[in-house]
Ligand code: XMP
Ligand code: MG
């Protein structure tokens, strides 16, 4: 398995800075609550909230999406709820990657039922061509086509989350290096 870098740590840092500027401007006079989706968003979320120049509160949810490590079955469940009440709050969901759109559609519908003042989504990566349900994020770090990616929080079987860059996995070889 070869991992080929598609976004370097420097490119990610620059893009996260741009997103943070956009988000800071949009929520300047609002009391922002950022909700990260565990586990994949933990590194993106940590960098993003530190790059904001406005205060915010942070919380996390966890979703289980059933299937193998690289193919989702379409069944999604909330296995950890947010702990800070979201009714009346300006909520920004932070997710690692949008693929079929099923996870975020489920989460947005779930959180909407608690009547937040506003609800937007920031996704680090958008795999735009793979949607099974229509879903548009409000803020997107990078857009890509098909392919399975790891690093910067994203994993393959719980491995590679801590890579500082994002790599695409190329199957068919035993080489485990990052190129
Ligand atoms: P859906 O299909 O619901 O999926 O939009 C979103 C979730 O699927 C996982 N996913 C990935 N994880 N590399 C990963 O490490 C990928 O290329 C990838 N594509 C989908 C991820 O958990 C995401 O939250
Ligand atoms: Mg995820």
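Residue numbers (my numbering): 307 to 485. Note that CB positions come from ideal geometry on N, CA and C, so glycine has one too.
Open item on the list: Beta-carbon within less than 6 Å of residue 444's beta-carbon, same chain only, minus the 5 sequence neighbours each way: which residues are those?
Closed with: 426, 427
Open item on the list: Am I right that residue 400 and residue 354 are in contact with their C-beta atoms under 8 Å? What's the rounded C-beta distance?
Closed with: 6 Å
Task: residue 307, buried or exposed, once every other Cβ within 10 Å from all chains shown has been counted against 16 - done: exposed
Task: Beta-carbon proximity of residue 391 to residue 420, cut-off 9 Å - done: yes
- [ ] Please classify residue 370: does DSSP put it in a helix, a strand, or coil?
- [x] strand
TODO: Using DSSP bridges, identify the partner residues of residue 450.
DONE: 433
- [ ] Check each candidate in 446, 434, 474 and name the one with the smallest Cα separation from residue 519.
- [x] For the chain, the structure presents residues 307 to 485; residue 519 sits outside this window and is missing.
- [ ] Specify the secondary structure class of residue 477 as computed by DSSP and reduced to three states.
- [x] coil
Open item on the list: Measuring straight from C-alpha to C-alpha, what distance separates residue 402 and residue 343?
Closed with: 8 Å
TODO: Rounded to whole angstroms, what's the CA-CA distance from residue 465 to residue 458? Just pull it up for me.
DONE: 11 Å
Task: Of the residues 432, 409, 417, the one placed nearest residue 387, counting alpha carbons only - done: 417
Open item on the list: For a quick check, are the C-beta atoms of residue 322 and residue 357 less than 9 Å apart?
Closed with: yes
Task: Residues bridged to residue 383 [DSSP beta-bridge criterion] - done: 370
TODO: Indicate whether residue 315 and residue 471 have their beta-carbon atoms separated by less than 9 Å.
DONE: yes
Task: Beta bridge counterpart(s) of residue 467 as assigned by DSSP - done: According to DSSP, which records beta bridges pairwise, residue 467 is partnered with nothing at all.
Open item on the list: Could you check whether the Cβ of residue 462 sits closer than 8 Å to any heavy atom belonging to the ligand XMP?
Closed with: yes
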